[in-house]
Amino acid sequence: MLRISINPSQPEESAVKQAANIIKNGGLVAFPTETVYGLGANALNQTAVDKIYAAKGRPKDNPLIWHVDNAKTLLPYVDFAACETIFPNFFTLIERLFEKSVTLVLPVLEKMSTENPKTLAVRVPQNAIAKALIAESSCIIAAPSANTSGKPSPTNANHVAQDLSDKIDMLLDGGATQKGLESTVISFCQLDNEKVTVLKTPQLLRPGAATLETINDIFHLTNQNPISLTDFSTTKKPLAPGMKYRHYSPNTPLILLIGTQTAVTEKINTMPKNIAVFRTNNLKLEKVAQTLFSTLRELDEQNFAKIVVEGVPETGLGLAIMNRLKKAATEVIIL
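Residue numbers (our numbering): 865 to 1199.
See below:
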């Protein structure tokens, strides 16, 4: 694997061109986004996409997110007409959502869906390196998180190297990611018996870097009804990543404590010294989100018997943080 350091705000043209050539030729490039590091390949090259699944050890029915540089790129693939019958200012709406690190599940044009998936998960990354790579490669880039499937997502280049150094062609090291949690995923459609219908009220499939409150502010500004919080854990056929499988888990067993600060403290005080503890009560939720995955990886390397994490209120970013912790936990204790 070739690893190149790259300026996160003004990416060097030579590094971007080198990475883009690898993408064009069917290779794999790990690169930073504003959320976590992604493992990218040409989305329209099935052989390259298969390499992503193989490198990560990812189940084939777990869909990938398309990364594009702007919403207009989707015109040949997405059924905008079907969406606009319910959302008259649909294009403006999705542009505003893309700006907030939101992934959208959208219906595919009928002519495209005969042998391919009938829905697409797509987003526009808000990161200079990712944007430059997409533009230079002239490709739609399919990119899940650049880690071994099921492990904590990578928020710096060292995490990627730990998991994938011998399985990918190139790693663009742009330092630590800004948000630390994956994109929020909402769906404008549902798939029932292979039939796609556009929803009047879009559903939250995965909480993430954009809060539910932020998203509904955008819907309000565009005169739409607020989205609903769906039970994204029971979907038989996942429309987007993070809906079905256990994720984000360190090798060390993780215990999630949910309760008052007093109750959590009392519980922690009874635990043996060979247990690592991640207290969150004195941290802002933005800081917990930024450091969650890196902390789990760091503690995982220190040979503790277990890792204990204090839960957070499930409002704002707390909804996404608790979603990740519940999926990572081997045990949840409610005090």
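Note that the Cβ used here is the ideal one computed from N, Cα and C, for glycine as well.
Listed in chain order, the non-local C-beta contacts of Phe1157 below 6 Å within the same chain comprise Pro1016, Ser1017, Thr1019, local neighbours out to five positions each way being set aside.
Distance from Gln990 to Glu898 at the Cβ level is roughly 5 Å; contact confirmed, criterion being Cβ atoms closer than 8 Å. Taking the Cα positions, Leu973 is about 22 Å away from Leu1069. Residue pairing by DSSP places Glu963 opposite no residue, since no beta bridge is assigned to it. Closest in C-alpha terms to Phe944, from the list Lys1170, Met1135, Gln1067, Phe1052, comes Phe1052. Here Ser878 is exposed. Its C-beta has fewer than 16 other C-beta atoms within 10 Å. The beta-carbon separation of Leu1120 and Leu1055, rounded to 31 Å, does not stay under the 8 Å limit for a contact.
Just measuring C-alpha positions, the residue of Glu1077, Leu1035, His1023, Pro1008 sitting nearest Glu1046 is Pro1008. Secondary structure note for Asp914: it is in no beta strand (DSSP E), and the uninterrupted alpha helix (DSSP H) holding it is 910 to 920. Between Ser873 and Ala992, the C-beta gap is smaller than 8 Å, which places the two residues in contact. Per DSSP, reduced to three states, the secondary structure at Asp1056 is strand. Look at Val1176 here: in three-state DSSP terms it is coil, with no helix or strand label. Contiguous beta strand (DSSP E) elements confined to the segment 1014 to 1047 occur at 1034 to 1037, taking only those with 3 or more residues.
Residue state for Gly904 is assigned as strand, using DSSP reduced to three classes. For His931, the enclosing beta strand (DSSP E) stretches over residues 929 to 931.
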